[in-house]
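For reference, the structure is listed below as structure tokens.
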Amino acid sequence: MRITRRDYLRASTAAGVALSLKASGMLDIEKAWAAGTKPVVLWLQAQGCTGCSVSFLNSIYYATVDTLLTQTLDVQYHTTVMAAAGQMAVNAANAARNRGNYILVVNGAIPTGAAGKYCMLWPGMTALDGVKAFAANASTIIAVGTCAAFGGIPGGAPNPTGAKSVGSILGTTSKLINVPGCPAHPDWLVGTVSYIMQNGKLPVLDSQRRPTTYYGSTVHSHCPRRESETGSYIGGSNCLYGMGCKGPRTHCDCPSRKWNSGTAGQAGVNWCVESCTPCHGCTEPTFPDGMDPFLTVNNTPRAYDD
Amino acid sequence: MSSVLGIAPVTRIEGHLDVFMTIDLVNGVQTVLDARTKGQMFRGFEQILQGHQPLDAVHLTQRICGVCPISHGMASSLALEQALGGVPPSNGRIVRNLILGANFIQSHILHFYHLAALDYIDTTGILDIAPWVPRYTTPDMVKGAAASTFVQHYVQALAMRRKAHQMGAIFGGKLPCSPVFIPGGASQPVTSAKVTSFRTILTELRSFINNIMLPDVQTVATLYPQYYNIGRGPGNLLAYGVFDLDNSGTNKLLKRGRLTKGALGVVDTTQIKEYVKYSWYTPASGNLNPANGVTQASADKVDAYSWIKAPRYQGAVHEVGPLARMWVNGDYRKGISVIDRLMARALEARKVADAMDGWLSQLSAGGSYTRTLVKASGMGVGLTEAPRGALGHWLQISNSVISRYQIVTPTEWNASPMDDNKIHGALEQALKGVKIADPAKPIEALRVIHSFDPCLSCAVHMATPDGDTRQFVVTP
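Chains as they are written, first to last, in this note's numbering: chain E, -9 to 296; chain A, 408 to 883.
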């Protein structure tokens, strides 16, 4: 029976989606968590917007955040949710640091201008000093969000505060995992932490230290619109390359995982391209300046240059 | 003998905030005599935005804050529509309101349960693990069975705010940070399937707000009646208004207006000035309306103590937020205090959620966007509301790129330092006179601070183009 190339791609994409989600997704969370003690997590917020934390709160695919916070993880410091304030909170962070052996999660860029004073974690502790001090005793460091992973928007020209990535500050370190996205998808963070818990080691990383499970393919390579004609307007159902879509040069699994799922183990309700607007390339080191302009809406669709 | 009480960092807010209070014994009780609020993080969005293609602003400004990105996307879209002459179709206006409404609901649930409630509940014996320990535990906190119920609701509220984002993403593409906002409407077309799935979640959220959240807020009000008389602040309120019901701009679910010295009035944004005498900017950066805003750092400036400018309306301090909106709209005029802020926020959540059901019925299957071309030059202002208050974007396009972009955010209004006339900002005024039973556990101050729902990423967006900042050190 003859099928069109479009049908073939559609069918294999759907099967591939199910498979890839299964392989990367259902990492026998219950077993991992029952196996050992809860990993200690210290989450430092640097020059960020809290978007990665809000996104984390939306976790459901692997586990919901109530389970993560009450059963899975031992979150010793996270200024958005923790009960303690002021010196009591700082003491908790320092006590955990002294005990060592924790996962350090950092969101936000690290400003280096003015000796780091563009971002204070608490009096006397710049984000610059803090990320170094807390990284030293961490077993694993996760730079969540494009700001922490690559400098992101604070690092955009003219970079008024000398914002840098966590990796730039710490130098080459085998402890570091980058989980970019603006914000990062909760699954990319939760799945990575789950992998470490289950396997006792870092997952396979690409050249940008991103887990290949989530960032191994480009958006374009499994976009359901790749076989359609390039459209010339936002809001349509065609390929949005001409409108500025950065899918071909952006690595992540948004087309299959999608966003804001309502059910464990299931894909989300929508995603950028499905909502008929181009991908902005937010998981890449070149975001935002290398993805500029995000949209091309005046009459000339953009020519192919990927 | 006065001393300085600092809460640094303030937790259960968005962003980086330190609060320092001078306290002394007044009639045998430690009382706040003076308070200074200090934003602690800068990125320089205004400089970063310059030179970008104008439409990029809708997406870049959303990353000012991951709790209220949609409000920035809305303000940016409105400012660009004014500059470019764009008019969204009815679907576009409503779709944007629905996404914004979904995030309002998310934010208000998050605020009451996950940011504020721990000031009132003792979770000892219920949640005795990090991050709920360590904590302040005071004799006046809710304990026992009532606390258990609150904690159950706290956990349920985690699911509810997640669902509010799921609902918003049906039209918004993804949340936080929605890619569908664009001058001319929203990229996401409307389908009846989307309307149905949105409404299903909305119905569940409305039930939660009505049957769980509002009664819980009332419980706090009933158990802490003294907080109706704590944390008043300046008593002036300001709202730009939000949720346009048509394209005229003058018909909104929550009206534009203000309460100044007890009298209601209209809002004329030319009457807004930002003062910098106690902010780390040059004198030339001050006494300016945002349309002509200038931001030149002056990090060693004597007497300055904050990176937040001091916006004033006709020279007077104004508070912004749900209480301001509900008051101006005539929906809530009981009083101005810690509990009034919590109550108005919850009532506003209900009002917005209920209205959203009606808006869904006004949608028609089809597109939500009218293409709006980018022009080589133009100016525009976008006024809207974030969950925590009035938000304005002022933009200028020259040579086809952004040449100026000023953002005046709600927490800038609420957490500003003193102005040139040495008048304290709203939160600073609200803390004055607060009695602290035990300075080792300044829970009373936290209740006041949290009632404003501070968002510090928004409060400071200005750059310091040249170098040095200075750490403000409090000496007793």
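No residue lacks a Cβ here, since even glycine has one placed at the ideal position from N, Cα and C.
Residue i CB to nearest chain E CB: under 8 angstroms?
i: His423(A); result: yes
i: Gly774(A); result: yes
i: Gly888(A); result: Absent from the structure is residue 888(A), since the part of chain A shown begins at 408 and ends at 883.
i: Val904(A); result: Within the shown structure, residues of chain A are numbered from 408 to 883, placing residue 904(A) beyond reach of any answer.
i: Val615(A); result: The sequence given here places Phe at residue 615(A); Val does not occur at that position. Judged by the 8 angstroms Cβ criterion, Phe615(A) is not in contact with chain E.
i: His800(A); result: no
i: His725(A); result: no
i: Thr818(A); result: no
i: Pro538(A); result: yes
i: Pro541(A); result: yes
i: Thr702(A); result: no
Have a look at the DSSP bridge pairing and note the partners of residue i.
i: Gln813(A); result: Trp801(A)
i: Glu264(E); result: Looking at the DSSP assignment, Glu264(E) forms no beta bridge with any residue, so it has no partner.
i: Tyr720(A); result: Ile679(A) and Ala723(A)
i: Trp33(E); result: Val95(E)
i: Cys862(A); result: Glu421(A)
i: Tyr647(A); result: Tyr647(A) pairs with nothing; no bridge assigned.
i: Trp249(E); result: Asn260(E)
i: His241(E); result: Thr208(E)
i: Arg613(A); result: Bridge partners of Arg613(A): none, in fact.
i: Tyr688(A); result: Ala704(A)
i: Lys154(E); result: Ile100(E)
Taking 6 angstroms as the limit between beta carbons, can you name the residues of its chain near residue i, skipping five residues before and five after?
i: Glu752(A); result: For the sequence presented, residue 752(A) should be read as Arg rather than Glu. The residues are His515 and Pro729.
i: Lys708(A); result: Trp687
i: Gly774(A); result: Pro596
i: Gln437(A); result: Ile430, Ile843 and Pro846
i: Ala128(E); result: Tyr92 and Leu94
Between residue i and chain A, is there a C-beta pair that is closer than 8 angstroms?
i: His270(E); result: yes
i: Met187(E); result: no
i: His210(E); result: no
i: Met16(E); result: Caution is warranted here: a pLDDT of 36 is assigned to Met16(E), below 50, making its placement in the model unreliable, and no coordinate value can be reported.
i: Asn168(E); result: no
i: Ser223(E); result: With the sequence shown as reference, residue 223(E) is identified as Tyr, and Ser is not the correct amino acid for it. Closer than 8 angstroms to some Cβ of chain A, the Cβ of Tyr223(E) qualifies, so yes.
i: Ile143(E); result: yes
i: Val156(E); result: no
i: Trp178(E); result: no
i: Asp64(E); result: yes
i: Lys21(E); result: Because the pLDDT at Lys21(E) is just 48, under 50, the model does not fix this residue reliably, and the value given afterwards should be weighed accordingly. Answer no: the Cβ-Cβ gap between Lys21(E) and chain A never drops below 8 angstroms.
i: Phe284(E); result: yes
i: Leu47(E); result: yes
i: Asp243(E); result: no
i: Ser197(E); result: no
i: Pro201(E); result: no
i: Ile50(E); result: yes
Please go through the same chain and pick out, in chain order, the residues whose beta-carbon is closer than 7 angstroms to the beta-carbon of residue i, but skip the five residues on each side of it.
i: Trp112(E); result: Val80
i: Ile477(A); result: Ile506, Leu507, Asn510 and Ser585
i: Ile608(A); result: Lys570, Gln573 and Met574
i: Pro283(E); result: Gly234
i: Lys829(A); result: none
i: Leu59(E); result: Val65
i: Val745(A); result: Tyr634, Ile637, Gly638, Arg854, Val855 and Ser858
i: Thr136(E); result: Gly142, Pro170, Gly171, Cys172, Cys272, Thr273 and Phe277
i: Met567(A); result: Ile516, Leu612 and Phe615
i: Ser771(A); result: Asn498 and Val597
i: Lys848(A); result: Tyr543 and Thr545
Report all residues from its chain with a CB closer than 8 angstroms to the CB of residue i; omit the five preceding and five following residues, and keep chain order.
i: Met448(A); result: Gly422, His423, Leu863, Ser864 and Val867
i: Leu17(E); result: Its pLDDT being 38, under 50, Leu17(E) is placed unreliably in this model, and the coordinates cannot settle the point.
i: Leu47(E); result: Val55 and Pro176
Ignoring anything shorter than 4 residues, give me the alpha helix (DSSP H) runs that lie fully in the stretch 413 to 484 of chain A, in order along the chain.
Counting whole runs of 4 or more residues, the stretch 413 to 484 of chain A contains the alpha helix (DSSP H) stretches 452 to 456 and 463 to 467.
Using a Cβ cut-off of 7 angstroms, which residues of the stretch 635 to 666 of chain A contact any Cβ in chain E, in chain order?
If the cut-off is 7 angstroms between Cβ atoms, the stretch 635 to 666 of chain A has nothing near chain E.
Proximal residues, the stretch 580 to 612 of chain A versus chain E, C-beta separation under 7 angstroms:
For the stretch 580 to 612 of chain A, residues whose beta-carbon sits nearer than 7 angstroms to a beta-carbon of chain E comprise Gly580, Lys581, Leu582, Pro583, Cys584, Pro586, Val587, Ile589, Ser594, Gln595 and Pro596.
3 or more residues per run - each beta strand (DSSP E) lying fully within the stretch 191 to 228 of chain E
Entirely contained in the stretch 191 to 228 of chain E, not one beta strand (DSSP E) run reaches 3 residues.
With a floor of 4 residues, list each alpha helix (DSSP H) that falls wholly inside the stretch 522 to 597 of chain A, ordered by position along the chain.
Secondary structure remark: continuous alpha helix (DSSP H) runs of at least 4 residues inside the stretch 522 to 597 of chain A, in chain order: 551 to 579.
Within 9 angstroms of chain A by C-beta, residues of the stretch 104 to 122 of chain E in sequence order
Per Cβ criterion, the list reads Ala104, Ala105, Lys107, Tyr108, Cys109, Met110, Leu111, Trp112, Pro113, Gly114 and Ala117.
With 7 angstroms as the limit, tell me which residues of the stretch 446 to 457 of chain A have their beta carbon closer than that to any beta carbon of chain E; keep them in chain order.
Answer in chain order: Gln447, Met448, Phe449, Arg450, Gly451, Gln454 and Ile455.
Contact list for the stretch 246 to 259 of chain E against chain A, Cβ threshold 9 angstroms
Across the stretch 246 to 259 of chain E, CB contacts with chain A closer than 9 angstroms involve Lys248, Trp249, Asn250, Ser251, Gly252, Gly258 and Val259, in sequence order along the chain.
Of the residues that make up the stretch 460 to 492 of chain A, which ones have a beta carbon closer than 8 angstroms to any beta carbon in chain E?
When CB distances to chain E are screened at a threshold of 8 angstroms, the residues of the stretch 460 to 492 of chain A falling below it are Gln460, Leu462, Asp463, His466, Leu467, Arg470, Ile471, Cys472, Gly473, Val474 and Pro476, in chain order.
Can you list, in chain order, the residues of the stretch 80 to 91 of chain E whose Cβ is nearer than 9 angstroms to any Cβ on chain A?
Residues of the stretch 80 to 91 of chain E whose Cβ lies closer than 9 angstroms to any Cβ of chain A, in chain order: Val80, Asn81, Ala82 and Ala86.
May I have a chain-ordered list of the alpha helix (DSSP H) segments no shorter than 4 residues that lie completely inside the stretch 101 to 132 of chain E?
List check, alpha helix (DSSP H) in window: 117 to 126.
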